[in-house]
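Participant: Here's a structure for you.
There are 2 protein chains.
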Amino acid sequence: MKRQPVVIALDLGGTNVRMGVVDAVGSVRHSVSRPLGADRSVAGVTGEVARRGAELIDWCAGAGLHPEALCLAAPGIISAEDGTVIFSPNLPGWTDVPLRAMISEALGLPAILENDANAAAFGEFWKGGGQGTNHLVMFTLGTGVGGGIISDGILLRGSRGMAGELGHLTVVSENGRLCRCGSNGCLEAYASASAVAEILGERWTDDSPPPPTAREAYLLAAAGDSLCREVFREAGFYLGVAMADLVNVLNPEVIVIGGGAMDAWDLIIPVAESEMRSRAFRTTDLARRLCVRRATLGDLAGVVGVAGIYWCGVHP
Amino acid sequence: MKRQPVVIALDLGGTNVRMGVVDAVGSVRHSVSRPLGADRSVAGVTGEVARRGAELIDWCAGAGLHPEALCLAAPGIISAEDGTVIFSPNLPGWTDVPLRAMISEALGLPAILENDANAAAFGEFWKGGGQGTNHLVMFTLGTGVGGGIISDGILLRGSRGMAGELGHLTVVSENGRLCRCGSNGCLEAYASASAVAEILGERWTDDSPPPPTAREAYLLAAAGDSLCREVFREAGFYLGVAMADLVNVLNPEVIVIGGGAMDAWDLIIPVAESEMRSRAFRTTDLARRLCVRRATLGDLAGVVGVAGIYWCGVHP
């Protein structure tokens, strides 16, 4: 009997490798997360990815499944076309590394390579919060703010694979907060978990207890703390400004929100949505038909998404 | 002998109809501009478009050319797919008008319909300042600020044909100037010709002479007037903020600037370009390879572009 085809999907994060075996209808047949080793050299990481891939290939053999491709998602500037990591903040020293070819050769399977945020957006579009739509914008609000864009069913990669840097939309053009990208007034400098903690630290008047983390701030805000509530409200306001920009530029059907900020949904998203609707061009037409939805795939969005990019044939 | 195929392209503006006969390589074989009559009813405009189209069909017969299609560009919310004008600020009372079918029937030729700003962007991409690239953003700075986006050779229309409203990117999120769209802090409220004149009017201290128009302000600025220079510099700053947003979101190869502001290029664009480059994410990679270019098709961008959309087969 012919074994059912699946792909092996690996999502290289900052500290972990998330891995899954995904079939053609998007079901995750098996998944596991492993810490990424300390050796971030090209040889170190590709060796680890190849070992992890081989483990999953073995798993497939035991489960009667046929792995037909490797699907890799990695952070940074990725050329999906060339299959190379051009630059990655999490992989210091990597420049124009042909990761796709190296992994494909090591494991004897065809491979694709995609930016991790693009993969996550495609995952939510294919099988998550944006399923059933054709035009999607995804924001991932975590330590930083990332994103991805699907327009008319097509993943927008841009000329160098760098489309979708939604965290670096300017939301304060003059005297904006310094962003770790080197610019000022970026969304990430107001609406990321790090920004929320940093802003609270600046406004915190007590020395004891020390200023809270974003997670603690959420608990305090939920318990009624007005300073914490205000910082989340501001994050929501600036997120709404950025959302309106994307509505005006891309006219999506759905905005999907993922990442750790989903825990603080009630403190951030209603403010953001209201601000977006008040700013979006011709509110009645554009914003009325637009939905804001929760991401539903959690940490597996990248794994499901990069598999979906393979199964839907939308890799270059 | 077989007559050479051409299309009849009509671009419905606020006050004029620009018309051209365009061949498959983008040469404009004939063009003419006529004032749009005062009767903006559906019957009035479609009747006029049909008469103008018939004149051009006659012209083709005399020139030995074979018109194979009608290509219409119109302002407002256009469904290119359905061939309808959903809403248009210049065509009051029009709602879901099947303009494509009406004109096609009146003239006995197949027809396509596209938003005018999208058509202009496609024109500059196909035969103008963005020729030879695959990822383009176009800003048209005139009385208002419009735009269009090509990503990987594909015109982005959005879910309701409303993508590319670049004039309504927020560039001042708090206490921004009121925009005619009803929102605050839009690019158009700072960098359009109307905004330049309005801001000058507010800062003008003399009662005689009266505050200048945007065109007069350009002449004064060129002659060294510091207030006028400052207002153009501010327009350039905010344009640069919006350009950086699009670089971060879409990662284009080229930004094409068209419209009346091209006359004031030296006062606006160097400031905008410098601001964009300082804000764009990972300046070295993204902004370094990006060009800012002048539009080259002038008033014929929409005519050439809507013809190009037909000849390139990118109509829905």
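Residue numbers (numbering that gives the first Met the number 0), protein chains in the order written: chain A, 0 to 315; chain B, 0 to 315. Even glycine gets a Cβ: it sits at the ideal position worked out from N, Cα and C.
Kindly list the residues whose CB is nearer than 6 Å to the CB of N89 (chain B), restricted to its own chain and excluding five residues on each side of it in sequence; keep chain order.
Facilitator: Here residue 89 (chain B) refers to the residue found at position 90 when the second sequence is read from its first residue. Around N89 (chain B): G13, P74.
Participant: Is the distance from the Cβ of T169 (chain B) to the Cβ of R176 (chain A) below 8 Å?
Facilitator: Translated into positions along the second sequence, residue 169 (chain B) becomes position 170. Translated into positions along the first sequence, residue 176 (chain A) becomes position 177. Taking 8 Å as the Cβ cut-off, T169 (chain B) and R176 (chain A) do not qualify as a contacting pair.
Participant: Closest Cβ-Cβ distance between I268 (chain B) and chain A: below 8 Å?
Facilitator: By one-based count along the second sequence, residue 268 (chain B) stands at place 269. No - not a single Cβ of chain A is within 8 Å of the one on I268 (chain B).
Participant: Is there a C-beta anywhere in chain A that falls below 8 Å from the one on M161 (chain B)?
Facilitator: Start at 1 with the first residue of the second sequence, and residue 161 (chain B) comes out as number 162. Taking Cβ atoms only, chain A reaches closer than 8 Å to M161 (chain B), which makes this a yes.
Participant: List the endpoints of the continuous beta strand (DSSP E) containing S150 (chain B).
Facilitator: In the second sequence, the residue the question calls residue 150 (chain B) occupies position 151. Here the beta strand (DSSP E) through S150 (chain B) covers 144-150.
Participant: Just reading off the beta strand (DSSP E) that N15 (chain A) is part of, what are its end residues?
Facilitator: Along the first sequence, read from residue 1 onward, the residue named residue 15 (chain A) stands at position 16. Run containing N15 (chain A): 15-22, per the beta strand (DSSP E) assignment.
Participant: By DSSP's criteria, H65 (chain A) is part of a beta bridge. Which residues make up the other side?
Facilitator: Here the question's residue 65 (chain A) lines up with position 66 in the first sequence. Partner(s): A:P4.
Participant: If you follow the beta strand (DSSP E) that M137 (chain B) is in, where does it begin and where does it stop?
Facilitator: Position 138 of the second sequence holds residue 137 (chain B). From DSSP, the beta strand (DSSP E) with M137 (chain B) extends over 135-140.
Participant: Looking at the C-beta of P97 (chain A), does it have a partner C-beta in chain B at a distance below 8 Å?
Facilitator: Within the first sequence, residue 97 (chain A) is the residue found at index 98, counting from 1. Not one chain B Cβ lies under 8 Å of P97 (chain A).
Participant: One question on the structure: do R2 (chain A) and H65 (chain A) come within less than 8 Å of each other, judged by their Cβ atoms?
Facilitator: Position 3 of the first sequence, counting from 1, holds the residue named residue 2 (chain A). Position 66 of the first sequence, counting from 1, holds the residue named residue 65 (chain A). Going by C-beta atoms, R2 (chain A) is nearer than 8 Å to H65 (chain A).
Participant: Near F124 (chain A), what residues of its chain come up, given a Cβ to Cβ distance below 6 Å and the 5 sequence neighbours on each side ignored?
Facilitator: Locating residue 124 (chain A) in the first sequence gives position 125, counting from the first residue. Only residues of its own chain outside the window of five on either side were considered, and among them L135, I149 have a CB closer than 6 Å to the CB of F124 (chain A), listed in chain order.
Participant: Using a Cβ cut-off of 8 Å (strictly closer), state whether Y217 (chain A) contacts chain B.
Facilitator: Here residue 217 (chain A) refers to the residue found at position 218 of the first sequence. So no, Y217 (chain A) is outside the interface.
Participant: Does the beta-carbon of S182 (chain A) have 16 or more other beta-carbons within 10 angstroms, so that it is buried, or is it exposed?
Facilitator: Along the first sequence, one-based indexing puts residue 182 (chain A) at 183. For S182 (chain A), the number of other beta carbons within 10 angstroms of its own is at least 16, and it is reported as buried.
Participant: Can you find a C-beta in chain B that's less than 8 Å from the C-beta of Y237 (chain A)?
Facilitator: Your numbering for residue 237 (chain A) matches position 238 in the first sequence. Interface residue, yes.
Participant: Keeping to the same chain, check which residues put their C-beta closer than 6 Å to that of W203 (chain B); ignore five residues upstream and five downstream.
Facilitator: Position 204 of the second sequence, counted from the first residue, corresponds to residue 203 (chain B). Correct list, in chain order: P210.
Participant: Just the C-alpha distance for L186 (chain A) and I153 (chain A), rounded to the nearest angstrom, thanks.
Facilitator: In the first sequence, the residue the question calls residue 186 (chain A) occupies position 187. In the first sequence, the residue the question calls residue 153 (chain A) occupies position 154. Answer to the nearest angstrom: the Cα atoms are 25 Å apart.
Participant: Is T282 (chain A) helix, strand or coil by DSSP?
Facilitator: Indexing the first sequence from 1 puts residue 282 (chain A) at position 283. Summary for T282 (chain A): the model assigns pLDDT 46, below 50, so the residue's position carries little reliability; its value from the coordinates is reported in the next sentence. In the structure shown, T282 (chain A) falls within a helical segment according to DSSP collapsed to helix, strand and coil.
Participant: Along the alpha helix (DSSP H) that carries E362 (chain A), what are the first and last residues, could you check?
Facilitator: Outside the modelled stretch of chain A, which goes from 0 to 315, sits residue 362 (chain A), for which no answer is possible.
Participant: Where does the unbroken beta strand (DSSP E) through R228 (chain A) begin, and where does it stop?
Facilitator: In the first sequence, residue 228 (chain A) corresponds to position 229, counting from 1. R228 (chain A) -> not in any beta strand (DSSP E); alpha helix (DSSP H) instead, spanning 225-249.
Participant: Do I7 (chain A) and I76 (chain A) have their beta-carbon atoms positioned less than 8 Å apart in this structure?
Facilitator: Numbered from its first residue, the first sequence carries residue 76 (chain A) at position 77. Numbered from its first residue, the first sequence carries residue 7 (chain A) at position 8. Contact flag unset, no.
Participant: Please determine, among A:R28, A:T83, A:M101, A:S87, the residue with the shortest C-alpha to C-alpha distance to R50 (chain A).
Facilitator: As a working note, residue 50 (chain A) is residue 51 in the first sequence. Comparing C-alpha distances from R50 (chain A) to each of A:R28, A:T83, A:M101, A:S87 shows the shortest one belongs to A:M101.
Participant: Of all the options B:G52, B:G166, B:C178, B:D38, which has the alpha carbon lying nearest to the alpha carbon of D244 (chain B)?
Facilitator: As a first step, residue 244 (chain B) is located in the second sequence; it is residue number 245 there, counting from the start. Taking only the C-alpha atoms, the option nearest D244 (chain B) is B:G166.
Participant: Pick from B:L199, B:L106, B:A234: whose alpha carbon is nearest that of W264 (chain B)?
Facilitator: Here residue 264 (chain B) refers to the residue found at position 265 of the second sequence. Checking every option, the nearest Cα to that of W264 (chain B) belongs to B:A234.
Participant: Quickly, what does DSSP pair G257 (chain B) with across the bridge? List them, please.
Facilitator: Here residue 257 (chain B) refers to the residue found at position 258 when the second sequence is read from its first residue. B:T139, per the DSSP bridge assignment.
Participant: Can you tell me whether DSSP reads C185 (chain A) as helix, strand or coil?
Facilitator: Taking the first residue of the first sequence as position 1, residue 185 (chain A) is located at position 186. Three-state result, C185 (chain A): strand.
Participant: How long is the line joining the alpha carbons of S191 (chain A) and M261 (chain A), rounded to whole angstroms?
Facilitator: Here residue 191 (chain A) refers to the residue found at position 192 of the first sequence. Here residue 261 (chain A) refers to the residue found at position 262 of the first sequence. Going from the Cα of S191 (chain A) to the Cα of M261 (chain A) covers about 12 Å.
Participant: Please confirm whether G131 (chain B) has its beta-carbon closer than 8 Å to some beta-carbon of chain A.
Facilitator: Numbered from its first residue, the second sequence carries residue 131 (chain B) at position 132. Cβ-Cβ to chain A under 8 Å: no for G131 (chain B).
Participant: Does P251 (chain A) pass the burial test, meaning 16 or more other C-beta atoms within 10 Å, or should it be called exposed?
Facilitator: Stepping through the first sequence from its first residue, residue 251 (chain A) is reached at position 252. Counting Cβ neighbours within 10 Å, P251 (chain A) comes out buried, since at least 16 surround it.
Participant: Going by the CB atoms, is the gap between G259 (chain A) and G141 (chain A) shorter than 8 Å?
Facilitator: Mapped onto the first sequence, residue 141 (chain A) falls at position 142. Mapped onto the first sequence, residue 259 (chain A) falls at position 260. Against a cut-off of 8 Å, the Cβ pair of G259 (chain A) and G141 (chain A) comes out as a contact.
Participant: With respect to the alpha helix (DSSP H) encompassing N117 (chain B), which residues constitute its N-terminal and C-terminal limits?
Facilitator: The count along the second sequence starts at 1 and reaches residue 117 (chain B) at position 118. Residues 115-126.
Participant: Helix, strand or coil: how does DSSP classify H314 (chain B) here?
Facilitator: Your numbering for residue 314 (chain B) matches position 315 in the second sequence. Coil at H314 (chain B), not helix or strand.
Participant: Over what stretch of residues does the alpha helix (DSSP H) that includes S193 (chain A) continue unbroken?
Facilitator: Walking along the first sequence from the start, residue 193 (chain A) turns up at place 194. From DSSP, the alpha helix (DSSP H) with S193 (chain A) extends over 192-202.
Participant: At the 8 Å Cβ level, is T83 (chain A) part of the contact set with chain B, yes or no?
Facilitator: One-based indexing of the first sequence puts residue 83 (chain A) at position 84. So, not an interface residue.
Participant: Between V270 (chain B) and R232 (chain B), is the Cβ-Cβ spacing less than 8 Å?
Facilitator: Position 271 of the second sequence, counting from 1, holds the residue named residue 270 (chain B). Position 233 of the second sequence, counting from 1, holds the residue named residue 232 (chain B). Contact annotation: V270 (chain B) and R232 (chain B) have beta-carbon atoms nearer than 8 Å.
Participant: Specify, as a first and last residue, the run of the alpha helix (DSSP H) that R28 (chain B) falls within.
Facilitator: Here residue 28 (chain B) refers to the residue found at position 29 of the second sequence. Note, R28 (chain B): premise wrong, no alpha helix (DSSP H); beta strand (DSSP E) at 27-34.
Participant: Contact between the segment 105-122 of chain A and the segment 304-311 of chain A is defined here as three or more beta-carbon pairs at a separation below 8 Å; is this criterion met?
Facilitator: In the pairwise beta carbon analysis, the segment 105-122 of chain A is classified as touching the segment 304-311 of chain A: at least three pairs are separated by under 8 Å.
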